[in-house]
Amino acid sequence: ERLAEFEAKILRGEKIEPHDWMPKEYRRQLIRMIEQHAHSEIIGALPEGTWITRAPSFKRKMALMAKVQDESGHCQLLYNAAETLGKSREAMINDLLIGKSKYSNVFNYPAKTWADTAVIAWLIDASAIVNQVANSKGSYGPYCRALERICQEESFHLRYGYHNVVTLATGTPLQREMVQEALNRWWRPIMHFFGPPDTVSEHGAILMKWKVKMASNDDMRQSFLKQYLPKIFELGLTVPDIDLHQDAETKQWIIGDPDWDEFFRVINGDGPCNAERLAVRRTAEENGAWVRRALKKNTHAYTVPLS
Amino acid sequence: MAIQNLLLRMADDALIIGHRNSEWTGLGPILEEDIAFSSIAQDKIGHSLALFTMLQEFTGLTPEQAAFSRNAQDYTNCQLVEYPIGGYDFSLMRHFLFDTAELLRYQLLRDSSFEPLAKLAKKVVGEIKYHVFHANTWVVQLSAQGTEESHSIMQQALNTCYPLALGIFEPSKVEQELVDTNIFLGEKHLQNLWQDSIKETLQKAGLILPSLTDETVGYGGRYGYHTEYLQPLLDEMTEVYRLDPTAEW
Amino acid sequence: EELDQFQTFEVFCREKTGAHHVHVGSVHAPSPEIALSFAKEQYGRRGKVLNMWVVKTADVYVMDEQDADMFETAGEKGYRDVVDYARVRDRIDAFKQKQQTILE
Amino acid sequence: EELDQFQTFEVFCREKTGAHHVHVGSVHAPSPEIALSFAKEQYGRRGKVLNMWVVKTADVYVMDEQDADMFETAGEKGYRDVVDYARVRDRIDAFKQKQQTILE
């Protein structure tokens, strides 16, 4: 009955809106996914944020500020989209801080040099865009509308990152070496970014049917490799994967084992920066508490945002 | 050249306060405020870039060379802007006191006899008006409309910032020449306008100006005398640039 | 501890190109002034925003989706009875009449 | 309550699922419920309107016109737009050119 109508609506390509009926599981999975995406944006702002004060030129400084600002902006948009499903923003932030709700594993690694920020801005934002473009065709209205604006703003990140990497790769020997080393550090976390091969991931099937998850992990990884490996090689840069090769007939890129044990170890809290990221986030929340207390004083009951 | 002195201290002020306020990016008390405060910091860096580009006509230095290869004693920013960001109360109060002066300064400069500066002033006055709108809204919100706790925190921030803010108006050695050549009406004049302007918002906010004792007034910056905070800031700011100042970053 | 939650405002932007205000999202803010300042930054920091409205989410009255079918007939069947619509109709006409006389 | 002093409501409609709500105009009405029914009458007739919001005009906070200058420079910030990072191609080709000559 209602489930059939709900699924038929999705099949017809229509969007589900906040006041429509939806299965509990659909609401729960959507909140989980959008919440994690929002957390990844605010935590993702931290490694790059530390380099704003050391950016080597006016334009890079302003661009990196605008990029990290966008990440806060995207986090705000995504929390809003998730809030229309009935979970308050403060509850989501709280779940992040107590470690109950996850964020993208790639941000548990440190940005060691200026070239790291260039590789992050280019290849990690590129990976995020592959994921976001797929999800923007999903079934939930507010999430798609948020992603529409996010993808527009991400196109600047991508171009800025690429311009940055190209400037370093075609610059002095010191710059070239710095960007190659950064790429060596970030290659494996980027391969982890799309998640383990689908056989292992348990949310898969139902999320695909309800257009919550739009593409498999392997398809998204493959789309990333197809688009960006040629550009990396064109700059004479290499990636740290001796088994990486392109299958002659299928043109598919085959990668070596990126060590999924490390992926699960880090995602469960044992990466180089897990503790530090949440600690910085907690300090920021605590330092701002007096401000929020002052603002909360004169406001009325909280209402769920509309769309 | 009097105009160089004015352009340099305005450029240094905007660069250093923009740099300091950028340290809040991603760490603000509320997401929406994080976004707003970052835009204001970006605008400041943009203003300093415009001013250093104007200075290039006189000095031949690119903005990067001018900004990334000087030490503290060659900087002419007022001491107020170099202090660490502290709590959000300090950064907000500095933002309020500094930007109120900045708006009045650029409004005056719209009629400057130095054409490029008048042109820049006309272009950015709208942006700075928003900076002041933002500052006024927050100072009133956290003081009069906040809690007892936030009101006392903001009063304390005003007590700390106000003496330092007077350093904005420390007269330079070319003050008279600027006034005579109608480039700028002078820091004294600006300070009078500023005193009236902040009074209005402080009244609405229920905050009172602290009494002044001479040694707390933040003079010295215009003549290269700075606090111990500036050099570490510059070392951090130029860390990557110094790896190879001739390279393109 | 009780989470420090505060209200949201719905944001509507009018772009240089478009004539209508379009709903773009919402912001958390304690007051309209701050909501406008946030909205300007979040939704107006790029491109062509000319003007902005903010409305407390609590002040927005929503036609529930279940009533959507009420709309469906609108497209096909034209007039649809609303209980006291007739009585209210002439009252509006009277009101407009009065406005007219005041203006003249 | 005073029925003939009608206040106005701003009306926002969403044409199809997934779309944003758009401001389509305003109606005079004594209450939100009646405003919604008038709005449906006036704006619901043509297309299939799926969802509608009404807001008392008094509840809409507007960034007033003379503050529009605060938005003016938003569009000119090249550093945070794609356009400023376009000329990458020539840099790569120049680099490849240089690599070529080194190899020979």
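Chains as they are written, first to last, in this note's numbering: chain Y, 446 to 752; chain V, 237 to 485; chain C, 5 to 108; chain P, 5 to 108.
Cβ atoms here follow ideal geometry from the backbone N, Cα and C, with glycine treated the same way.
Distance from the CA of Ile-253/V to the CA of Pro-320/V, rounded to the nearest whole angstrom, comes to 10 angstroms.
For Thr-612/Y, the secondary structure class from DSSP, reduced to helix, strand or coil, is helix. Chain-order list of chain P residues neighbouring Lys-359/V: Glu-76, Thr-77 and Glu-80, by C-beta distance under 9 angstroms.
For Ala-33/C, the chain V residues whose Cβ falls inside 8 angstroms of its Cβ are Glu-268, in order along the chain. Arg-18/P: member of the beta strand (DSSP E) spanning 11-18, first to last residue. Relative to the Cα of Glu-516/Y, the nearest Cα in the group Gly-442/V, Asn-241/V and Ala-272/V belongs to Ala-272/V.
Contact between the stretch 243-251 of chain V and the stretch 466-484 of chain Y is absent, with fewer than three C-beta pairs closer than 8 angstroms. In the three-state reduction of the DSSP assignment, Trp-374/V falls in the helix class, which pools H, G and I.
Closer than 7 angstroms to the CB of His-255/V there is not a single CB belonging to chain C. Residue Lys-358/V holds the alpha-carbon nearest to the alpha-carbon of Thr-77/P among Pro-399/V, Lys-358/V and Leu-287/V. Distances from the alpha-carbon of Gly-456/V to those of Leu-426/V, Ile-444/V and Ala-308/V put Ala-308/V closest. Residue range 53-60 is occupied by the beta strand (DSSP E) that includes Leu-54/C. In the three-state reduction of the DSSP assignment, Ser-30/P falls in the strand class, which pools E and B.
Under DSSP, Gln-691/Y forms a beta bridge with Trp-698/Y. Arg-727/Y and Leu-542/Y do touch by the CB rule: their CB atoms are close to 5 angstroms apart, below 8 angstroms. Between Asn-732/Y and Pro-685/Y, the CB-CB gap reaches or exceeds 7 angstroms. In the DSSP assignment, Tyr-461/V falls outside any beta strand (DSSP E), carrying neither H nor E. Take the alpha-carbon of Gly-606/Y and the one of Val-624/Y: they are about 12 angstroms apart. Under a 10 Å Cβ-count criterion, Ile-699/Y is classified as exposed, with fewer than 16 other Cβ atoms of the shown protein chains found around its own Cβ. A check of alpha carbon separations from Asp-471/V across Pro-501/Y, Met-467/Y and Ile-479/Y identifies Pro-501/Y as the nearest. The three-state secondary structure of Ile-461/Y, taken from DSSP, is strand. For Val-26/P, the closest of Ser-41/C, Thr-12/C, Arg-18/C and Thr-61/C by C-alpha to C-alpha distance is Arg-18/C.
With a contact defined as Cβ atoms closer than 8 angstroms, Val-87/P and His-608/Y miss out at about 11 angstroms. Scanning chain Y for C-beta atoms nearer than 9 angstroms to the C-beta of Gly-29/C yields Gln-521, Leu-522, Asn-525, Ala-526, Pro-587, Arg-590, Ala-591, Arg-594, Pro-750 and Ser-752, reported in chain order. At a cut-off of 7 angstroms between C-beta atoms, Gly-362/V counts as an interface residue with respect to chain P. In this structure the stretch 486-494 of chain Y touches the stretch 505-524 of chain Y; the number of beta carbon pairs closer than 8 angstroms is three or more.
When CB distances to chain Y are screened at a threshold of 7 angstroms, not a single residue of the stretch 420-432 of chain V falls below it. Of all residues in the stretch 34-52 of chain C, only Pro-34, Ser-35, Glu-37, Ile-38, Ser-41, Phe-42, Lys-44, Glu-45, Gln-46 and Arg-49 come within less than 8 angstroms of chain V when Cβ atoms are compared, listed by chain position. In this structure Leu-680/Y touches Ile-96/P by the C-beta definition: roughly 7 angstroms separates them, less than 8 angstroms.
Look at Ala-371/V: its C-beta is not under 7 angstroms from any C-beta on chain C. In the DSSP assignment, Tyr-548/Y falls outside any alpha helix (DSSP H), carrying neither H nor E. For the stretch 680-696 of chain Y, the residues whose beta carbon sits under 9 angstroms from a beta carbon of chain P are, in order, Leu-680 and Gly-681. Three or more Cβ pairs closer than 8 angstroms define a contact, and the stretch 570-581 of chain Y meets that threshold against the stretch 663-683 of chain Y. Secondary structure note for Val-624/Y: its alpha helix (DSSP H) is the uninterrupted segment 618-638. Separation of Gln-467/V and Gly-458/Y (C-alpha to C-alpha, rounded to the nearest whole angstrom) is 59 angstroms.
Just so you know, the alpha carbons of Ser-41/C and Leu-619/Y end up roughly 44 angstroms apart.
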